[in-house]
Amino acid sequence: MLLTLVALSLSTLVLDSVVRQTVLARTEIARAEALNAAQSGLDVGMAHIRSANDGTVAGVLSKLPCASLAGTVTSVLRGSYSVSVRYYAQDPQGQPASWLSGASRITCAPSQGVARTPAYALLSSVGSYSAGLGATVSRTLTAVYTFRTTNQSIPGGMIHVYRANTSETDLCLDAGSATPASGTAVTLQTCSPGLAAQNFAYDNKLRILLLSSRTTALPVGVCLDSATPHAVGNPVVVANCTTPTVQARQQWSINDSANFEGTTNGSSLDGFCFNAKFPGVEGSPVVLGSGSNCRRSYNSTQSFFPDATVGPGAAGPTNSQLVNLEQFGRCLDVTDQNVNQSFLIAWPCKQAPDPTYVAWNQKWTMPANGVSGQVVTKPGAQYCLRSPLLVGVGQYVRVVSCGTGGAALQWTRREADDSYPLSYTLVDSAGHCLSTTDPDANPPDLFNTGQRVTKIVVAACDGSARQKWNAPVTELQASPLKGVHED
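Under UniProt numbering, residues 1 to 487 are what the sequence shown spells out, in order.
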C-alpha cells in the first residue's frame, strides 16, 4: 500500500512539472507569435503608406491611411494585428505622450488624408495570439517611418494679399477654375486650402504657374500674364505658358516691398505691380498698378505673400541666397533691411530678372564646406551672422559688425555629410544648428502673424527640414523605418 502511494505521489509531481513546462513553452510560443504578428502589422502599415502615390513616385496625401489597419497573420491562424498611424512634421521619436497627442500631431481624416505634408509617421502595432483556453497574449511594437521627400515633390500653395493682422479677411489669387481658358481674369477670392484654382507654383524662370492646368498637350500649364506694353489698369490673366522661350510678360519678381513686379525686357524691373482693383473686396479683379501702387509700404492693394510651398522662384545658392528646406519659398533675411533688428526672419525669397539686383539683406557669403568661419552680408560695411549660442525662448540669431569677432560669429557650413542631421546645415561654435521657429507651435513665435513669417534661432541639430539650407533636389533620408521598439 505504501509503495502504491509513493508511486502515485511521484507520478503527480512529474505530471505537474510536465504541465508547468508545457504551459511555459506554450506561453513563450504565444509571445513569439504575438511579436511576429506585431511585426506583420508594421509591415502592413508601411505598405499602405508607400502605396499612397499617383502611380509614379509622387505621394498623394488623400491616400495616406488614417483609420487603424487590422488583419490576421495567414501563417498563424490564431495571430492578428492592429496598427495605428499618426503623422508629424517633426520627429516623434523619444517625445512624451503629451507631445504625441498634442498640437504637433497632423490631423488625418478618412478619404481626405492628412491636412498637410508630414515628415514622419508613428506606427504602433499590437500583435495578438490566442494561446488556447481563452487566453490571449499581446505585444506592441512602435516605429517611426521617415517620408522620403524632395523639395520638388510638394510644390504649390496659395498667394495671399497682405493682412495687417489675422482678423482681416484672408484673400488669395484665384484663376477661376482648375483648368481655366487662356485669357481668364485673375481675381481675389477667400483663401481655400486645397482649391485647385488657388494652387500656384513659382518656378526658376519667375513664372507663376497654375499646377492643375498642366496636361499632356500643355505640360507647363497656364501662367499669370498681362498684356504688353504694361500699363496701369491692365488686367492680370492666365495664359498658356510660353515655352521653351519664356516671354517677359509672364515673368514676375517679388521685390523689396512684397510686390509681384513685371519686366519688359527680361533683365530689369519695369515699375508695374499686381494690384487689387478693389482692396479687401472678395471678387476684386487683379490689375497692374504703378507709381504709388508699386514699390511702396505693405498694404492690401499691392503686397502679396505666397505660401512657403509656392516655391523659391530663382532664389538659391547661385544668387548667394539661403533657402530654407521646410519653407522652401523662404530665405534668410535681415529684418526690414535693418542691421539693428534683434532677430532675423525667413522671408519670401526676393527676385529680380537679373539676380545681381536682389537686395543685400538676402545675400550671404559663407565659409567653404566643412570649414568654420563668418557668414557675411554687406549693406556697405560687413555684417556677420551672430548666434546667441543658447537655445531658448527669446534667443535669436541677428547680425552685428564683423569687427566684434568672437565665437558667436563662427559657423561651420556643411553640405552633404555622413551624418544626416548635419547635412546642409550651418552649425554654430556651440554645436547648434541654424533654424527657423516652428510656424505651427502653440503659440507660434512669428514676426508677422498675418503672414506667418518665422524668426531665426539656433536649435539642437535634429535633421529636420527647418534646419537645412540650400539642400539640393534629392532624397533626404535613405532609411524609411527607424526606432523599432517594444512598448
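Just so it is clear, CB atoms sit at the ideal spot from N, CA and C, and this is done for glycine as well.
Nothing here was measured: the structure is a model prediction, and the numbers come from that model.
{"Asked": "Exposure of T107, with buried meaning 16 or more beta-carbon neighbours within 10 Å", "Found": "exposed"}
{"Asked": "Cα-Cα separation between residue 502 and A416, rounded to whole angstroms", "Found": "No answer is possible for residue 502: the residues shown for the chain start at 1 and end at 487."}
{"Asked": "Coarse secondary structure for P317, derived from DSSP in three states", "Found": "helix"}
{"Asked": "Classification of V23 by the beta-carbon crowding that lies within 10 angstroms, buried from 16 upward", "Found": "In this predicted model, V23 has a pLDDT of only 47, less than 50, meaning its place in the structure is not dependable enough to derive any value."}
{"Asked": "P96 burial status per 10 Å Cβ neighbour count (16 or more: buried)", "Found": "exposed"}
{"Asked": "At least three beta-carbon pairs within less than 8 Å, the segment 301-308 to the segment 275-282", "Found": "yes"}
{"Asked": "Whether N361 touches Q337 by CB criterion (7 Å)", "Found": "yes"}
{"Asked": "Test: G71 CB closer than 7 Å to a CB of chain C", "Found": "In summary, chain C is missing from the structure at hand, where a single protein chain is found."}
{"Asked": "Within the UniProt domain \"Ricin B lectin\" (316-472), ranges of the beta strand (DSSP E) (whole runs, at least 3 residues)", "Found": "330-333, 345-348, 383-386, 398-401, 411-414, 425-428, 432-436, 446-448 and 456-460"}
{"Asked": "Residues of its chain near A459, where Cβ-Cβ distance is below 7 Å and the 5 sequence neighbours each way are ignored", "Found": "V391, H432, C433, S435 and Q467"}
{"Asked": "Nonlocal neighbours in the same chain, by C-beta distance under 6 Å from Y357, ignoring five residues either side", "Found": "none"}
{"Asked": "Unbroken alpha helix (DSSP H) run spanning L188, endpoints", "Found": "Looking at the DSSP string, L188 is not in any alpha helix (DSSP H); the run it does join, the beta strand (DSSP E), is T187 to T190."}
{"Asked": "Rounded separation between G266 and S387 - CA only", "Found": "38 Å"}
{"Asked": "Closest residue to T242 among L385, G233, L209 and D270 (Cα-Cα distance)", "Found": "L209"}
{"Asked": "Straight-line Cα distance separating W99 from T404", "Found": "40 Å"}
{"Asked": "Residue nearest to Q112 in terms of C-alpha spacing, selected from S82, L61 and T140", "Found": "L61"}
{"Asked": "Cβ contact check for the segment 139-147 and the segment 36-47: 3 or more pairs under 8 Å", "Found": "yes"}
{"Asked": "Outcome for K350 when other beta-carbon atoms lying within 10 angstroms are tallied against a minimum of 16", "Found": "buried"}
{"Asked": "Beta-carbon contacts of G248 that lie in its chain and below 7 Å, excluding the five residues immediately before and after", "Found": "Going by the sequence as given, residue 248 is Ala instead of Gly. Around A248: T263, T264, N265 and G266."}
{"Asked": "Reduced DSSP secondary structure (H/G/I, E/B, other) of A143", "Found": "strand"}
{"Asked": "Distance cut-off 6 Å: L42 Cβ against heavy atoms of the ligand FMN", "Found": "Of the ligands one can find in the structure shown there are none, so the ligand FMN has no counterpart to examine."}
{"Asked": "At least 3 beta-carbon pairs within less than 8 Å: the segment 302-320 vs the segment 419-429", "Found": "no"}
{"Asked": "Among N319, T335, P367 and G41, the one whose alpha carbon lies nearest that of L123", "Found": "G41"}
{"Asked": "Rounded C-alpha distance that separates S457 from T412", "Found": "It is Val, not Ser, that sits at residue 457 in the sequence shown. For V457 and T412, the distance between alpha carbons rounds to 16 Å."}
{"Asked": "Span separating the alpha-carbon of S342 from that of Q327", "Found": "22 Å"}
{"Asked": "DSSP beta-bridge partners of N240", "Found": "V222"}
{"Asked": "First and last residue of the uninterrupted alpha helix (DSSP H) at A97", "Found": "A97 to L100"}
{"Asked": "Residues bridged to N275 (per DSSP)", "Found": "V287"}
{"Asked": "Residues near T72 by beta carbon distance below 6 Å, same chain, minus five either side", "Found": "S80"}
{"Asked": "Assigned secondary structure, residue 517 (DSSP; H/G/I helix, E/B strand, else coil)", "Found": "The shown model of the chain, from 1 to 487, leaves out residue 517, and the question about it has no answer."}
{"Asked": "Three-state secondary structure assigned by DSSP to A217", "Found": "coil"}
{"Asked": "S292 burial status per 10 Å Cβ neighbour count (16 or more: buried)", "Found": "exposed"}
{"Asked": "Span of the beta strand (DSSP E) around V73", "Found": "L69 to V73"}
{"Asked": "CA-to-CA distance, C191 to S177, given in whole angstroms", "Found": "14 Å"}
{"Asked": "Environment of A25 [buried if 16+ CB atoms lie within 10 Å]", "Found": "Bear in mind that a pLDDT of 49 at A25, under 50, signals an unreliable position, so the model cannot answer this."}
{"Asked": "Proximal residues to Q251 (C-beta, below 8 Å), its chain only, five neighbours per side dropped", "Found": "K205, L206, R207, G262, T263, G266 and P353"}
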